[in-house]
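Undergrad: For the record, the sequence lines run as chains A and B. Counting from 15, one number per residue, gives the positions in the first sequence under the numbering used here. Counting from 2, one number per residue, gives the positions in the second sequence under the numbering used here.
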Amino acid sequence: MNKFLEALNSGKILLCDGAMGTELQKRGLPTGACPEEFNISNPEVIKNIHRDYFIAGSDIVETNSFGANRARLKLHGFEDRVKEFCFAAAHLANSVRPNGKFIAGSMGPTGELLEPLGTLSEKDAYNIFSEQAIALEQGGVDVLFIETMMAPEEATIAVKAAKENTKLPVVASMTFELGNAGLRTMWGIDVKTAAQKYTEAGADVIGANCGKGFDEMIAIIKELRPLTDKPIIAQANAGIPEWIHGMSVYTETPEVIASKAHEIINAGVNIIGGCCGTGPEHIRKIKEILDRYFESRI
Amino acid sequence: MKEELFKELSQAVIEGNKDRSIELTNKLLELGIDAKIILDHGLLPGMEVVGIRFRDNIIFVPQVLISARAMKSSLAILEPLLSKADLKGSGTIIMGTVKGDIHDIGKNIVSMMLRSSGFTVIDLGIDTKVEKFLDAIKNENADIVGMSALLTTTMGYMKVVVDRIKEEEINVKTMVGGAPISKAFAMEVGADGYAKNATDAVKLAKQLIGLESKETKIEQIS
């Protein structure tokens with residue numbers, strides 16, 4: 015069995031890392047630049063981010079490849095460098111990986127609309143995700159994280175492309191927001207439908223990432239837990255960003271999320287981590303809570 | 002009969018029934034009804050409902066896009082018949098997703114709602130650099146510039162644009178929006194206004210050019 019799934023099945027709650035994008039900005043990524051190109055031009059920055067997360071206690075770090083698909087890279091004129099960026103992303107994470115820890119290949123949306131609302135065909139979307147998933151597997155990741163999905167069709171295609179073209183386990187999450195109709199993605203997909211779609215597509219772990227902070231994440235996990243037997247992932251944002259001294263600063267500090275992480279754990283997650291605005295300090299706090307949680311159970 | 006047809010046209014837009022929307026638009030024209038009246042009494046009220054339902058989470062992005070398609074198909078029939086004066090209504094707005102960001106669904110929805118409310122919208126598309134914004138503002142003699150971002154890694158670019166506008170003392174109002182954007186963020190970057198959704202964006206735009214009085218609900222930054 016895949017080592018990652020083995021670890022997950024052992025009953026341990028795995029700690030993922032925090033954000034890549036906002037960390038990159040803190041460490042010099044210019045506004046509007048291609049984050050994945052940093053794998054080539056600034057590899058030390060990427061390695062340092064991964065290293066900091068491992069030191070903070072992460073069991074899993076995500077590669078800097080969220081936007082490394084043909085559709086998104088096209089914006090920067092890098093559409094023919096998918097393989098190069100994904101390889102580099104996987105190698106950089108692997109080069110600082112301690113024994114027994116995991117590398118997850120990050121895969122985000124294409125940023126395009128599928129037909130008939132947009133111009134992207136299902137076949138093209140499938141090929142775009144396959145290309146990225148294969149490159150990440152060849153680069154040496156242990157698992158694929160398909161994340162920040164909002165459109166059910168695109169989410170399903172991404173999971174299928176990953177499952178059908180690699181041997182890797184697939185962790186799949188969507189981004190929900192709380193509104194008058196409850197927790198929904200921008201496409202109107204509720205938690206139950208998201209769980210169904212991802213399960214049908216063959217995801218090994220399902221859950222949520224990004225969004226408006228830890229409070230909403232607690233609500234999402236509470237809703238999702240009774241709906242599925244699959245392991246659940248939760249990676250919340252550190253609240254909503256504010257702009258202070260020329261930097262986007264997130265409102266939920268490591269101290270604030272410390273108390274909330276506890277609730278997410280109690281709600282029944284199997285993988286916990288952070289998304290936009292969370293950094294190594296947030297992860298260190300969650301690690302302390304996880305350690306205490308397991309001590310109290312022994 | 003005319004009123005009935007207007008209502009049916011609005012309904013076709015709300016449901017996103019493109020064929021029906023085209024059919025009704027042609028029918029109203031055959032009855033000799035002025036294109037501007039068809040727009041104001043049939044299409045726009047339909048889009049207004051769409052905007053409100055979207056704001057209230059009754060419908061979501063796909064439904065809005067389907068309605069927009071119906072609206073656009075009818076508008077394509079009417080546009081050659083509308084006079085320049087009919088088209089140039091409330092004011093001119095430059096819209097764009099900021100540099101480095103390719104997400105345009107939100108911006109497109111806001112642009113469409115603004116157009117539906119009589120604004121002339123110049124859409125600069127995605128990945129818009131500050132120079133492109135400035136050129137468009139000057140060339141179009143714009144009243145407002147609207148900026149959109151979905152990514153935390155790109156939202157900061159709004160400040161680059163706002164700063165340049167202030168530096169060059171260009172007389173234009175700025176409004177910002179997008180998933181990670183908050184009122185506090187808008188204030189920090191020095192924008193004139195922030196809107197949470199497309200319906201509020203229309204109200205905000207009207208306020209910014211003095212067409213509508215300030216309501217407490219709207220997140221205008223004074």
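No residue lacks a Cβ here, since even glycine has one placed at the ideal position from N, Cα and C.
Helix, strand or coil: how does DSSP classify residue 210 of chain B here?
TA: The answer is coil: DSSP assigns residue 210 of chain B none of H, G, I, E or B.
Undergrad: Within this structure, are the beta carbons of residue 272 of chain A and residue 236 of chain A separated by less than 9 Å?
TA: Contact flag unset, no.
Undergrad: Please state whether the Cβ-Cβ distance between residue 102 of chain B and residue 26 of chain B is less than 9 Å.
TA: Going by C-beta atoms, residue 102 of chain B is not nearer than 9 Å to residue 26 of chain B.
Undergrad: Taking 9 Å as the CB-CB cut-off, is residue 9 of chain A touching chain B?
TA: Past the boundaries of the shown model lies residue 9 of chain A; chain A is included only from 15 to 312, so the question cannot be answered.
Undergrad: For a cutoff of 9 Å on Cβ pairs, would you count residue 290 of chain A as touching chain B?
TA: Yes - at least one Cβ of chain B is within 9 Å of the one on residue 290 of chain A.
Undergrad: Once the 5 residues before and after residue 268 of chain A are set aside, which same chain residues still bring their CB inside 6 Å of it?
TA: Around residue 268 of chain A: 295, 296 and 299.
Undergrad: Let me confirm a value: residue 144 of chain B is counted as buried when at least 16 other C-beta atoms fall within 10 Å, else exposed. Which label applies?
TA: Label assigned to residue 144 of chain B: buried.
Undergrad: Following the continuous beta strand (DSSP E) through residue 124 of chain B, name the residue where it begins and the one where it ends.
TA: Element bounds for residue 124 of chain B: 121-124.
Undergrad: According to a CB-to-CB cut-off of less than 7 Å, which residues of the region 226-255 of chain A neighbour chain D?
TA: Any reference to chain D falls outside this structure, whose protein chains are A and B.
Undergrad: How many angstroms separate the CA atom of residue 283 of chain A from the CA atom of residue 247 of chain A?
TA: Distance between the alpha carbons of residue 283 of chain A and residue 247 of chain A is about 6 Å.
Undergrad: Does the beta carbon of residue 146 of chain B come closer than 9 Å to any beta carbon on chain A?
TA: For residue 146 of chain B, the answer is no, since every Cβ of chain A falls outside 9 Å of its Cβ.
Undergrad: Residue 48 of chain A CB to nearest chain B CB: under 9 Å?
TA: Interface residue, yes.
Undergrad: Residue 207 of chain A and residue 200 of chain A - do their beta-carbons sit closer together than 9 Å?
TA: Not a contact, by the Cβ cut-off of 9 Å.
Undergrad: Any Cβ of chain A within less than 9 Å of the Cβ of residue 58 of chain B?
TA: So yes, residue 58 of chain B belongs to the interface.
Undergrad: Check whether the region 52-68 of chain B touches the region 191-202 of chain B, taking contact to mean three or more Cβ pairs, one atom from each stretch, closer than 8 Å.
TA: Yes: at least three Cβ pairs fall under 8 Å.
Undergrad: Spatial neighbours of residue 277 of chain A within its chain, please: C-beta separation below 7 Å, excluding the five flanking residues on both sides.
TA: The residues are 232.
Undergrad: Is the region 31-45 of chain A touching the region 112-131 of chain B, taking contact as three or more C-beta pairs under 8 Å?
TA: Segments in contact, no.
Undergrad: Give the C-beta separation of residue 74 of chain A and residue 19 of chain A to the nearest angstrom, bearing in mind that I take them to be a contact with Cβ-Cβ under 8 Å.
TA: Rounded, the Cβ-Cβ distance is 12 Å, inconsistent with contact.
Undergrad: Which residues in the same chain as residue 16 of chain B place their Cβ atom closer than 6 Å to its Cβ, once the five residues preceding and following it in sequence are excluded?
TA: Around residue 16 of chain B: no qualifying Cβ.
Undergrad: Please confirm whether residue 137 of chain B and residue 97 of chain B have their CB atoms less than 9 Å apart.
TA: Their beta carbons are under 9 Å apart, which means residue 137 of chain B touches residue 97 of chain B by this criterion.
Undergrad: Could you tell me whether the Cβ atoms of residue 35 of chain A and residue 287 of chain A are closer together than 9 Å?
TA: Going by C-beta atoms, residue 35 of chain A is not nearer than 9 Å to residue 287 of chain A.
Undergrad: Helix, strand or coil, according to DSSP, for residue 205 of chain A in the structure here?
TA: In this structure, residue 205 of chain A counts as helix in the three-state DSSP scheme.
Undergrad: As an exercise, report each continuous alpha helix (DSSP H) stretch of at least 4 residues that is fully enclosed by the region 31-94 of chain B, in chain order.
TA: Qualifying alpha helix (DSSP H) stretches, in chain order: 36-39, 45-56, 62-79 and 85-88.
Undergrad: Below 9 Å between beta carbons: does that hold for residue 190 of chain B and residue 165 of chain B?
TA: Their beta carbons are not under 9 Å apart, which means residue 190 of chain B does not touch residue 165 of chain B by this criterion.
Undergrad: Among residues of its own chain, excluding the 5 on either side of residue 132 of chain A, which ones have a beta-carbon nearer than 7 Å to its beta-carbon?
TA: Once the five neighbours on either side are set aside, the close Cβ partners of residue 132 of chain A are 126.
Undergrad: Checking contacts by CB at 9 Å: is residue 89 of chain A closer than that to chain B?
TA: Residue 89 of chain A counts as touching chain B.
Undergrad: Compute the Euclidean distance between the alpha carbons of residue 212 of chain B and residue 94 of chain B, then round it to the nearest angstrom.
TA: Roughly 14 Å separates the two Cα atoms.
Undergrad: Using beta carbons (cut-off 9 Å, strictly below), is residue 86 of chain A in contact with chain B?
TA: By this cut-off, residue 86 of chain A is an interface position.
Undergrad: Can you tell me which of A/114, A/205 and A/85 puts its alpha carbon nearest to the alpha carbon of residue 144 of chain A?
TA: Comparing Cα positions, the closest option is A/85.
Undergrad: Under the three-state reduction of DSSP, which class applies to residue 153 of chain A: helix, strand or coil?
TA: It is helical.
Undergrad: So which residues of chain B does residue 127 of chain A contact, with C-beta pairs closer than 8 Å?
TA: Under the 8 Å cutoff, chain B gives 66 and 106.
Undergrad: The alpha helix (DSSP H) with residue 135 of chain B in it runs from where to where?
TA: Note, residue 135 of chain B: alpha helix (DSSP H), 131-141.
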